[in-house]
Amino acid sequence: MFQVRIHGRGGQGVVTAAEMLSVAAFDEGRHAQAFPSFGSERTGAPVVAFCRIADREIRLREPIMAPDALIIQDPTLLHQVDCFAGLKKDGYILINTSKTFDELGLGEFLRDWPPERLCTVPATELALKHLGRPVPNMPLLGGFAAVTGVIRLESVIKAIEERFSGKVAAGNVAAAREAYAIVKAEMEEALHHA
Amino acid sequence: MSYQPIKFYQTGTFTVGNRLLPPEQRSVQAQQKRYNSLNSGHRACQGCGEALGARYAIDAAMEATNGRLICANATGCLEVFSTPYPETSWQVPWIHSLFGNTAAVATGIAAALKVKMQKGERRHIRVVAQGGDGGTTDIGFGCLSGMFERNDDVLFICYDNGGYMNTGIQRSSATPPAARTATTPAVGETPGNVFGQGKFVPAIALAHDIPYVATATVADLRDLEAKVRRAMELSGARYLHILVPCPLGWGFASHETIKMARLAKETGLFPVFEAEHGEITAVLPIRHPLPVEEYLKPQKRFAHLFAPRLRTDVLTRLQALADRNIQRYGLLEKP
Amino acid sequence: MLKQIEGSRAVAEAVALCRPEVICAYPISPQTHIVEALGEMVKAGTLAPCEFINVESEFAAMSVAIGASAAGARSYTATASQGLLFMAEAVFNAAGLGLPIVMTVANRAIGAPINIWNDHSDALALRDAGWIQLFAENNQEALDLHIQAFRLGEELSLPVMVCMDGFILTHAFERVDMPTQEQVDAYLPPYEPRQVLDPAEPVSIGAMVGPEAFMEVRYLAHAKQMEALKLIPAYAAEFKAIFGRDSGGLTHTYRCEDAETIVVAMGSVLGTIKDVVDEMRETGHKIGVLGITLFRPFPLEAVRAGLKGAKRVVVLEKSMAVGLGGILSTNVRMALSGLHMHGYTVIAGLGGRAITKQSLTKLFLEAEQDALEHVTFLDLDWAIVNKQLEREKAHRRSGPVAENLLRDIGVVAARNY
Amino acid sequence: MMDKPFAITLDPGSSLANRTGSWRTFRPVYVDRLPPCNAACPAGENIQGWLFHAESGEYEAAWRTLVEHNPLPAIMGRVCYHPCEGACNRQHLDAAVGINAVERFLGDEAIRRGWRFSSDAPPSGKRVLVIGSGPAGLSCAYHLRRLGHAVTIDEAAAQAGGMMRYGIPKYRLPRDILDAEIARLIDFGIELRLNRKVSDVLAAKAEGFDAVFLGVGAHIAKRAYIPAGDANKVLDAVSVLHGMEEAGPPLLGRRVVVYGGGNTALDVARTARRLGAEEAIIVYRRTREKMPAHDFEVEEALQEGITFKWLSTIKEAGEEDILIEKMALDEKGFPQPTGEFERIPADSVVLALGQEADLSLLQNVPGLSIEQGLVKVDATMMTGHAGIFAGGDMVGNERTVTVAVGHGKKAARAIDAWLKGESYVPAAKHELATFERLNTWYYSDAPKTVRPVLDIIRRQSTFDEVLGGLDEGNALFEARRCLSCGNCFECDNCYGVCPDNAVIKLGPGQRFRFNYDYCKGCGICAAECPCGAIKMVPEEI
């Protein structure tokens, strides 16, 4: 079972991202379970959502406490929330930013991490470019497909096309594709240097 | 009469404070050591109109009662964002019981205080009940009406954001016509909330002939404070209905909260007035008249009126509502 | 002072002696006479200072009481049946907030069909609302329990429901020993709230509590109720010292010494049962009675101790758990866990159906023979029931049950089906 | 203490433990933006700064803030063409703030109350020579004195003031006002030497001065060739206006024609009327719209009975009349002769065609260069010769008192730096406070105060001041019309409108501070700041 925790802010589509991730896995014929953490926090407050992916029925209902991967939709959270709590050793980290891990001040913290598992993608910029709105969640799923390989980019695209239509779908698909490419390139670069 | 003619002091009495005014004429909110009855750290959305309105109103009530105040609060956004265990943002004695019983809880508090005062156990303390439009105009309406007709010594404040925002933006009887909510979606032939439904509780409060009824918005602080002050000068049942825009539920940027309230008032869609013993005594006139589109267009809940095609038919009906308010309350007359 | 007065009046006078500060009233039979009497005392100035508030619903009645109690006032209201259900949300809330409101429930059936007569369905529907629930056997006890209820509730910061059988007690003129004001004052100190709305010490009451603490809050409520199990006998003893009589407590046994059969019941029916037991004892039947005064918290240990020696237990109750059987009996069975004895549930007196000595005698004799079903409906008219069942089998649109039955027994003019 | 139930009952205000600052992706910051009035002021006055004090009736504080940049407020309040008002954001609401009128009120108030200059700079031991006591020279001398330098002004004329005295008519600038403001400068410790025409600047500097500022003005009238009969009087504006300050006023006759379209032409025509001319006619070769003179001056002149011949050039001046040729504008807007002629009667013709500087004292100054009659200066007002600075009419074609005062100030600061062996770098300017940045809802509606204007009969016959001043009530009202564009004026809006109480009010004069522990970054404060003094910036990642 592969467990993902997504960090973002109320109003940034964190829950949607988890749901769409589960749909992408479902589209691959796998089992998936997406769920929010429900609290009294409002627009702007740090929030999390979860997704489990497995090849057999998922019966587990406990919160995800030791994720295999983290998606961080808003890098300002890094200074405000313990985003890395419980992350499995050598787990995947995908951050929406145009900066590097070093520039984010995480270089030392993640020094022993496999570099190809640490990726950043300027998802907000990509969303603005392709969609005209700063909603980073779909390009991040593209990046997630690239960095983890747990789901295929095609599945993410299929999930987007099932959920959205017209320009919104096209924009999200384009953004997800570009994010995928960016992350793939980053990983190769990392492996090359390693 | 709470409407004060604007004195010419640069920003007059439009701004929160004004260094050019004598201290006694400045607003409660301008005081360096104001009450902050609703403290920092609450979990309201960015730009929450209700959080603002509640602090405005309760601070003003605290000022008017010299800090001798108890609040009862209905279930709703205000309650949830202000008092999730283990923290409360309230600095006043405050109780939350249920969604629909706030007016009655306040009645009970007022009754208790009356007895305690007769016994000499406590000094004079006043009671404010507060809730959102759901807790006031819908589920709490029975208790509210009961409190009104008994003329219990309670000021009830409704923070009207036009829907059940706490539960995810559903329609209430205060949701304006044509507005999209989760239960009046923008689909079908007549998208959004239905025309000819809903109620304007201030008018119903008026019909109870209670000592004081007023409306206000978070855009006119001085007016709001003057109304709270006036309400606290009177005894018996009093009602203050404050329009508090909701960035999330209405779909506008978090910095536009006050602007939305201002536009609601300036277009005439939300009449600002006050009444004593069933008679309207003053209105806050429209300063710069505007068509309703100015108010509707920035809000996503009305987006279906502008795209994919311009719904002139619906806009005309909404303009008619504004025009009727302007006519009925004399909103264009100079004071 | 001995008086021959109506039960409602006796309760009203007792409540008045407790110096309530806020009373909320909404009319519903059969509690109405109580608040009417109190209203008159407030209006006349004999009960002062006190606010008597005519509210617009039972929901408001409980809510006003919540507000008043939170502001530090001794608060009282009374209701019954539909009224209790209409205020249900506020009933739970008062307990959750720990407000020591005292409420009389003049027990009455719940509709539909609407029925104004006595049974215990109303109070037992709210048995898990977090209130302490006391059941009075007679008007003297009803009166006494109100005085104890204020003492108990205020000590624990918990609301207390004093249940008395509607009409059977509320409307019965009986002899009661009305205490003096001095006695009540000696027993019941002024209300000293544990928490109060006060500008001098502002607090927020009624926070939203999430998963991280909700269980603990619930456990603490439970622990507080458990504390009542210890306090109630102590307060009853203290009551006896001042007022000179046994009243209240957890349970009362009657002729249980060597009893093989013990009948368990609550409320006014205990008197009838005791009469039957006396008669049966005279003919050598080893039968006794366990009366339950305190239903919540449920006195598991006292009940177990009271029933331990018996061979069989007959729980006779004026309530039912549709689809299961009894409510009281389910609770009693929990007290008997591990003990091997026969247990019978008898549903009796629903909606004001008279419970007669004759029926009870027959019932108990059958019980002694272990000839009872697990669940028995006392004096059920099987002919009517079967007729309706056949009717329903025959016709999809067989008509409203209650009206059909009334027609069958001739109350309503018959119509062919 | 109450025995509070666990979790259900909470201690007041305890939500301070919840630092909602973590929700923020944008943070508000207080900024000061450059108000358009300040940006437009050639003298670099901090207009909004002194209006701020005037708004609260603190007139002396207002005046002291004003004179940090300009030592001549009573003069400026009369003769400045107030570009500040042209830039004022309030014009988009109702009408520009009457800045000029308030300035004059403050200047007059200072004279009336005898407020004096002060400086706490220690004496520098340096001596600076200022040549010319016009606005540039006086301003430069004043600022140098403020900075602790010893200053001597050499003035060629018998009285100080330069063009303010010899170019601006009394009805616009009463001489008691001029004298009072000059006297205050002298009183400040500036040495003034009259009747000293400097003919060689290097020689003058060598008399113990460390630096020199040139502010000799432009006193030589430009001439145009007009064939004229002997009997006809053709004069120039400079000498006519100069002559007004001497014993006998110039004789112009009954019918006076003034040739030119600038403010000087109007000054001459209006002076002629006051001297008794029955007719004063301005001949200008283009249209009114193209006239360089200020519109309000044209208006005032029209009220006083001055007539205009637009699109006309003077071809010749005869004994009792002049010949003018009609012009027509071509498609590019240039006047072209039409061949149509007209004669109009005239006893005298005054040429108001501009002035040039007398630069004879600058011969043989190494490095100093002159182009098209103007002394070349760098960005710090220094000429090509180190230590010699220049300003006012002699360095530019924008020849107003205000520009000159600005030059004087800038030069003084540069001289100060130069004397210390440093180079003068003006402080970086704030971003402009444009109208779009304001939230004008908050400003009261208030039209401009109309200043009293002298009765028309007296205007045609006397040299009494035309435009009156404001009384205190009016001045206060006018000051309070200021929108305080781009700079916090402590209206408390940000403090009030924050739904998270995340603005800390620091007290009168101390403004506010954001409490970033709780600020969620909603931006209401910035949106509702009337004057645009809050900026939302992305949170650092």
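Line by line, the protein sequences give chains A, B, C and D. Going by the numbering used here, the letters in the first sequence line up with residues 131 to 324, in that order. Going by the numbering used here, the letters in the second sequence line up with residues 165 to 499, in that order. Going by the numbering used here, the letters in the third sequence line up with residues -18 to 398, in that order. Going by the numbering used here, the letters in the fourth sequence line up with residues 18 to 558, in that order. The beta-carbon is built from N, C-alpha and C at its ideal position, and this holds for glycine as well.
Spatial neighbours of residue i in its chain, beta-carbon cut-off 8 Å, leaving aside the 5 residues before and after
{"i": "L258 of chain D", "result": "Y183, G184, I185, P186, T281, D284, V285 and T288"}
{"i": "A467 of chain B", "result": "R344, A350 and G415"}
Burial state of residue i (16 or more Cβ within 10 Å)
{"i": "H209 of chain A", "result": "exposed"}
{"i": "F220 of chain C", "result": "buried"}
{"i": "R129 of chain D", "result": "exposed"}
{"i": "R263 of chain A", "result": "exposed"}
{"i": "M344 of chain D", "result": "buried"}
{"i": "A450 of chain D", "result": "buried"}
{"i": "T173 of chain A", "result": "buried"}
{"i": "D20 of chain D", "result": "exposed"}
{"i": "M196 of chain C", "result": "exposed"}
{"i": "L474 of chain B", "result": "exposed"}
{"i": "G549 of chain D", "result": "buried"}
{"i": "M165 of chain B", "result": "In this prediction, M165 of chain B scores a pLDDT of 34, lower than 50, which makes its location untrustworthy; no coordinate-derived value is stated."}
{"i": "N230 of chain B", "result": "exposed"}
{"i": "I473 of chain D", "result": "exposed"}
Nonlocal neighbours in the same chain, by C-beta distance under 6 Å from residue i, ignoring five residues either side
{"i": "Q142 of chain A", "result": "Q203"}
{"i": "S141 of chain D", "result": "G165 and H166"}
{"i": "H101 of chain C", "result": "N88, K299 and S300"}
{"i": "D158 of chain C", "result": "L(-17)"}
{"i": "G371 of chain D", "result": "K239"}
{"i": "K171 of chain B", "result": "Note on K171 of chain B: pLDDT 44, under 50, position unreliable in the model; no value is reported."}
{"i": "G62 of chain D", "result": "One point to set straight first is that residue 62 of chain D is Glu, not Gly, in the sequence displayed. For E62 of chain D, where only same-chain residues beyond five positions count, the Cβ hits under 6 Å are H86 and N87."}
{"i": "Y398 of chain C", "result": "Here the model assigns Y398 of chain C a pLDDT of 45, short of 50, so the residue's position is not dependable, and the following value carries that caveat. None."}
Chain D contact residues for residue i, given Cβ-Cβ distances below 8 Å
{"i": "A179 of chain A", "result": "Chain D residues near A179 of chain A: none, gap ~17 Å exceeds 8 Å."}
{"i": "G79 of chain C", "result": "P22 and I25"}
Residues of its chain near residue i, where Cβ-Cβ distance is below 7 Å and the 5 sequence neighbours each way are ignored
{"i": "C5 of chain C", "result": "I34, V36, A42, V45, A46 and T58"}
{"i": "A291 of chain C", "result": "A240, E241, T242, I243 and M322"}
{"i": "G225 of chain D", "result": "R144"}
Cβ pair residue i, residue j closer than 9 Å
{"i": "A154 of chain A", "j": "R282 of chain A", "result": "yes"}
{"i": "E243 of chain B", "j": "M189 of chain C", "result": "yes"}
{"i": "K48 of chain D", "j": "E448 of chain D", "result": "One point to set straight first is that residue 48 of chain D is Val, not Lys, in the sequence displayed. Yes; because the gap between Cβ atoms is below 9 Å, this pair is in contact."}
{"i": "V408 of chain B", "j": "L216 of chain B", "result": "yes"}
{"i": "L210 of chain C", "j": "P140 of chain C", "result": "no"}
{"i": "G66 of chain D", "j": "G181 of chain B", "result": "no"}
{"i": "G264 of chain B", "j": "G299 of chain B", "result": "yes"}
{"i": "R402 of chain B", "j": "V318 of chain B", "result": "yes"}
Residue(s) in a DSSP beta bridge with residue i
{"i": "L297 of chain C", "result": "C:V327"}
{"i": "E155 of chain C", "result": "C:I(-14)"}
Amino acids of chain B, ordered along the chain, whose beta-carbon sits closer than 9 Å to that of residue i
{"i": "G503 of chain D", "result": "Residues of chain B passing the Cβ test: none, with the nearest at roughly 15 Å."}
{"i": "G225 of chain C", "result": "Per Cβ cutoff of 9 Å: no residues; G225 of chain C is ~31 Å from chain B at best."}
{"i": "T146 of chain A", "result": "Per Cβ cutoff of 9 Å: no residues; T146 of chain A is ~14 Å from chain B at best."}
Contact set between residue i and chain C, taken where Cβ atoms lie within less than 8 Å
{"i": "G310 of chain B", "result": "V36, E37, S38 and A41"}
Neighbour list for residue i in chain B, Cβ cutoff strictly below 7 Å
{"i": "Y459 of chain D", "result": "T175, F178 and T179"}
Chain D residues whose Cβ lies nearer than 9 Å to that of residue i
{"i": "I47 of chain C", "result": "The premise fails here: I47 of chain C is roughly 13 Å from chain D at the closest Cβ pair, so nothing lies under 9 Å."}
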